[in-house]
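Protein sequence lines, in the order shown, are assigned to chains F and A.
Numbering (the working numbering) for the first sequence: 1 to 360.
Numbering (the working numbering) for the second sequence: 1 to 360.
In this text, a Cβ means the ideal position worked out from N, Cα and C, and glycines have one as well.
If you're wondering where the values come from, they're calculated on a predicted model, not measured in any experiment.
First comes the structure, then the notes that go with it.
2 protein chains.
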Amino acid sequence: MSKKILVVAGDGIGPEIVAEAIKVLNALQADGAIDVTLEEALVGGAAYDAVGNPLPEETLTKAKASDAVLLGAVGGPKWESLHISKRPERGLLGLRAELGLFANLRPAVLYPQLAAASTLKPEIVAGLDIMIVRELTGDIYFGQPRGVETLPSGERRGINTMVYTESEVERICRVAFDIAMKRGKKVCSVDKANVLECTEMWREVATKTAAEYPEISLSHMYVDNAAMQLVRAPKQFDVMVTGNIFGDILSDCAAMLTGSIGMLPSASLNEKGQGMYEPIHGSAPDIAGRGVANPLATILSVGMMLRYSLDAPEAADRIDAAVFKVLDQGLRTADIMSEGMRQVGTAEMGDAVVAALAGE
Amino acid sequence: MSKKILVVAGDGIGPEIVAEAIKVLNALQADGAIDVTLEEALVGGAAYDAVGNPLPEETLTKAKASDAVLLGAVGGPKWESLHISKRPERGLLGLRAELGLFANLRPAVLYPQLAAASTLKPEIVAGLDIMIVRELTGDIYFGQPRGVETLPSGERRGINTMVYTESEVERICRVAFDIAMKRGKKVCSVDKANVLECTEMWREVATKTAAEYPEISLSHMYVDNAAMQLVRAPKQFDVMVTGNIFGDILSDCAAMLTGSIGMLPSASLNEKGQGMYEPIHGSAPDIAGRGVANPLATILSVGMMLRYSLDAPEAADRIDAAVFKVLDQGLRTADIMSEGMRQVGTAEMGDAVVAALAGE
Ligand SMILES: [Mg+2]
Ligand SMILES: [Mg+2]
Numbered sequence: 001m002s003k004k005i006l007v008v009a010g011d012g013i014g015p016e017i018v019a020e021a022i023k024v025l026n027a028l029q030a031d032g033a034i035d036v037t038l039e040e041a042l043v044g045g046a047a048y049d050a051v052g053n054p055l056p057e058e059t060l061t062k063a064k065a066s067d068a069v070l071l072g073a074v075g076g077p078k079w080e081s082l083h084i085s086k087r088p089e090r091g092l093l094g095l096r097a098e099l100g101l102f103a104n105l106r107p108a109v110l111y112p113q114l115a116a117a118s119t120l121k122p123e124i125v126a127g128l129d130i131m132i133v134r135e136l137t138g139d140i141y142f143g144q145p146r147g148v149e150t151l152p153s154g155e156r157r158g159i160n161t162m163v164y165t166e167s168e169v170e171r172i173c174r175v176a177f178d179i180a181m182k183r184g185k186k187v188c189s190v191d192k193a194n195v196l197e198c199t200e201m202w203r204e205v206a207t208k209t210a211a212e213y214p215e216i217s218l219s220h221m222y223v224d225n226a227a228m229q230l231v232r233a234p235k236q237f238d239v240m241v242t243g244n245i246f247g248d249i250l251s252d253c254a255a256m257l258t259g260s261i262g263m264l265p266s267a268s269l270n271e272k273g274q275g276m277y278e279p280i281h282g283s284a285p286d287i288a289g290r291g292v293a294n295p296l297a298t299i300l301s302v303g304m305m306l307r308y309s310l311d312a313p314e315a316a317d318r319i320d321a322a323v324f325k326v327l328d329q330g331l332r333t334a335d336i337m338s339e340g341m342r343q344v345g346t347a348e349m350g351d352a353v354v355a356a357l358a359g360e
Numbered sequence: 001m002s003k004k005i006l007v008v009a010g011d012g013i014g015p016e017i018v019a020e021a022i023k024v025l026n027a028l029q030a031d032g033a034i035d036v037t038l039e040e041a042l043v044g045g046a047a048y049d050a051v052g053n054p055l056p057e058e059t060l061t062k063a064k065a066s067d068a069v070l071l072g073a074v075g076g077p078k079w080e081s082l083h084i085s086k087r088p089e090r091g092l093l094g095l096r097a098e099l100g101l102f103a104n105l106r107p108a109v110l111y112p113q114l115a116a117a118s119t120l121k122p123e124i125v126a127g128l129d130i131m132i133v134r135e136l137t138g139d140i141y142f143g144q145p146r147g148v149e150t151l152p153s154g155e156r157r158g159i160n161t162m163v164y165t166e167s168e169v170e171r172i173c174r175v176a177f178d179i180a181m182k183r184g185k186k187v188c189s190v191d192k193a194n195v196l197e198c199t200e201m202w203r204e205v206a207t208k209t210a211a212e213y214p215e216i217s218l219s220h221m222y223v224d225n226a227a228m229q230l231v232r233a234p235k236q237f238d239v240m241v242t243g244n245i246f247g248d249i250l251s252d253c254a255a256m257l258t259g260s261i262g263m264l265p266s267a268s269l270n271e272k273g274q275g276m277y278e279p280i281h282g283s284a285p286d287i288a289g290r291g292v293a294n295p296l297a298t299i300l301s302v303g304m305m306l307r308y309s310l311d312a313p314e315a316a317d318r319i320d321a322a323v324f325k326v327l328d329q330g331l332r333t334a335d336i337m338s339e340g341m342r343q344v345g346t347a348e349m350g351d352a353v354v355a356a357l358a359g360e
């Protein structure tokens, strides 16, 4: 049966990069590798401009009825003065919350062809391939009580609460273990169990859940040490699993190790396997509409979609291989350009991936 | 009047590295650069072995009566099975708490002679000189409520609370601004103000306090972006100021950028200017007693002590210059050894610093 994909291009370079990802989906559809139906909807600033709401009811209904959502990017200076409830980012956060997307998958992969882009020495990062699994709906970003109160003395006091239940920890650990089973079978759970009771419980649950995965080698690391180790020897990691705030920090740190964040996709999954897929980079309003944005992170996000929500791992492998091939061919968008390579625009890069998919 | 320094050597390599730091203090005393009185006391595993308590009352009394405490390192496998209240680390935490050491100063400095030790490319890190000012007595590490509760469903739920009052934020910002006034006058305050109300308040207080320091250029950065920027372009930073948990993560990340954590000192100050000074590295039980440990971080901690608690900035400058000189001479302990340099032991390195101080 045909799988449904909702495409929400969003703002800035969103429409341009998503157009290239759609070319890739169409090519795979044409040669019978996948069977998908695409729909489009508005989100972010584009939705606000059209209907006064960054997440229109219609978009949400369509998203819930889809197997996967492909998102470009949202936001831009045009909407920054809006009330927080109307800002483009609300569209994104609303989709995450309404779909229950609790598992954020953030690969940090450094293609050997781009090793020079890293600020780290090539021998430290060449071949880097980490998958960070970040819990996305709990932790201190959502915990109650929260806010700023005024004490009897008149002084203000700010509070946020880190909260996890055992079941929340267990389900994110299962996601990490399942992914690790298809990779190197090594999971590093990151916590601050020596100081924070909440994460001490996290460690216990991770350990207990791992008992059901005898092939998985589980290790534990304190978050401050994890930040050090990512800089010292990042290739020691296979899959990392951690809470929302630690994952926020570590996934961005790991992404930057590659030096080419225009190449990095992401996935956010719920318990039913529905997912939202998007590049980790932003809407880059400064270069929007100029046809120079790098579409590869969005195309690789389609690859993750095929792997994690559409049960088409072979087609996903083909996308990964096609991206590898265009890099081998020396094609580079401006953000990853280096000497001796050939600089191409957004559409030319998308076309090159489609050609590589066809084995040309 | 003579200033009082309490020396607590601690465990593992602690006594060896502290012995070299004392040589440096004695040399400065001998040539009239400083006027100090040294006392010694037990802390950590050494104290537990002697009197059954990692922080004996006598040590605490002496520490409170001192202008500064010089600490080597605490801990080791010998004491790991002890109850948490008796572990060596309790001695350290107890000293911090009892002295009210709320301001942790963590320089991340990469000596040009050691630029190759970094996992980052030399052009990214050579000349790195960041001062991270971390709040040390508040935040989620101390906030109430905390712990693990059992819900009516039988499921457990872990909680920790991030808490800051305005006055806590203001006093740590003042420390950062005061330090920045003696450096590049640039302070980056790190928060997660877009998500956490507690740190939104932090940002407001930082901004308000900065108004009293018209020469300071204050910027704000989200913690996940700060972790990225430390990897991407660490030399953009002069002084960073942040809360306890973000500071824990970022200061370790920044330290590892240098690739030579055997070189990094630290200070923890209270409102009276009393301070505890210690290398950031641990007690390294695996190499203890072999005379191969690097004493330079401890010697540089003495430099910080002279600068921040003993009002002897010129003597502090002399220590920094002497360490620079021994590195220029090609002397290296095992942890920072590289080709073409001369490997020396702990005592020989200490002697070389003393000789460099004397202008030899
Ligand atoms: Mg982030
Ligand atoms: Mg730490």
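Buried or exposed for residue i, please, with buried defined as at least 16 other CB atoms from any protein chain shown within 10 angstroms of its CB.
i: E168 of chain A; result: buried
i: G247 of chain F; result: buried
i: H83 of chain A; result: exposed
i: R290 of chain A; result: exposed
i: K192 of chain F; result: buried
i: Q113 of chain F; result: buried
i: Q144 of chain F; result: exposed
i: S2 of chain A; result: exposed
i: A352 of chain F; result: buried
i: S81 of chain F; result: exposed
i: Q236 of chain A; result: exposed
i: R368 of chain F; result: Any question about residue 368 of chain F goes unanswered here, given that chain F covers just 1 to 360.
i: P313 of chain F; result: exposed
i: D364 of chain F; result: A question about residue 364 of chain F goes unanswered here, because the residues of chain F that appear run from 1 up to 360.
State yes or no: is the beta carbon of residue i nearer than 8 Å to at least one beta carbon in chain F?
i: W79 of chain A; result: no
i: C444 of chain A; result: Residue 444 of chain A lies beyond the stretch modelled for chain A, which goes from 1 to 360, so this question has no answer here.
i: N270 of chain A; result: no
i: R171 of chain A; result: no
i: T119 of chain A; result: yes
i: D191 of chain A; result: no
i: L196 of chain A; result: yes
i: V163 of chain A; result: yes
i: M221 of chain A; result: no
Considering residue i, what are the terminal residues of the beta strand (DSSP E) in which it resides?
i: P88 of chain A; result: That residue, P88 of chain A, is in no beta strand (DSSP E); its alpha helix (DSSP H) goes P88 to L99.
i: I5 of chain A; result: K3 to G10
i: R106 of chain F; result: A103 to V109
i: G241 of chain A; result: The identity of residue 241 of chain A in the sequence shown is Val, whereas the question assumes Gly. V239 to T242 is the span of the beta strand (DSSP E), which, as asked, contains V241 of chain A.
i: P279 of chain F; result: G275 to P279
i: L230 of chain F; result: Taken as a continuous stretch (DSSP letters only), L230 of chain F belongs to no beta strand (DSSP E), being part of the alpha helix (DSSP H) at V223 to R232.
i: I130 of chain A; result: D129 to E135
i: D351 of chain F; result: Careful: D351 of chain F lies outside any beta strand (DSSP E), inside the alpha helix (DSSP H) at T346 to L357.
i: E57 of chain F; result: No beta strand (DSSP E) holds E57 of chain F; the alpha helix (DSSP H) holding it covers E57 to K64.
i: T37 of chain F; result: V36 to E40
i: G75 of chain A; result: It is not in any beta strand (DSSP E) - G75 of chain A carries neither H nor E in the DSSP assignment.
i: G147 of chain A; result: G147 to T150
Just curious, the alpha helix (DSSP H) that residue i is in, first and last residue?
i: E123 of chain A; result: P122 to V125
i: D320 of chain F; result: P313 to D328
i: L296 of chain F; result: L296 to Y308
i: I159 of chain F; result: First-last for I159 of chain F: R156 to T165, but that is the beta strand (DSSP E), not the alpha helix (DSSP H).
i: K182 of chain F; result: Where K182 of chain F is concerned, there is no enclosing alpha helix (DSSP H), given that its DSSP letter is neither H nor E.
For residue i, would you say it is in contact with chain A, using Cβ-to-Cβ distances shorter than 8 Å as the test?
i: Y111 of chain F; result: no
i: R146 of chain F; result: yes
i: V133 of chain F; result: no
i: E166 of chain F; result: yes
i: D248 of chain F; result: yes
i: Y141 of chain F; result: yes
i: D11 of chain F; result: no
For residue i, verify whether its CB is less than 7 Å away from any heavy atom of ligand 4.
i: D311 of chain F; result: With respect to ligand 4, the structure shown offers nothing to examine, as its ligands consist of ligand 1 and ligand 2.
Listed in chain order, which residues are found with a beta carbon closer than 5 Å to a heavy atom of ligand 1?
F:D248, F:D252 and A:D224
The stretch 125-132 of chain F / the stretch 149-160 of chain F touching (three or more Cβ pairs under 8 Å)
no
For the pair the stretch 12-22 of chain A and the stretch 61-72 of chain A, tell me if three or more CB-CB distances fall below 8 Å.
yes
Decide yes or no for the touch test of the stretch 212-221 of chain F against the stretch 263-279 of chain F: beta carbon pairs closer than 8 Å, at least 3 of them.
no
With a threshold of 8 Å, are at least 3 pairs of Cβ atoms found where one atom belongs to the stretch 130-141 of chain A and the other to the stretch 93-104 of chain A?
yes
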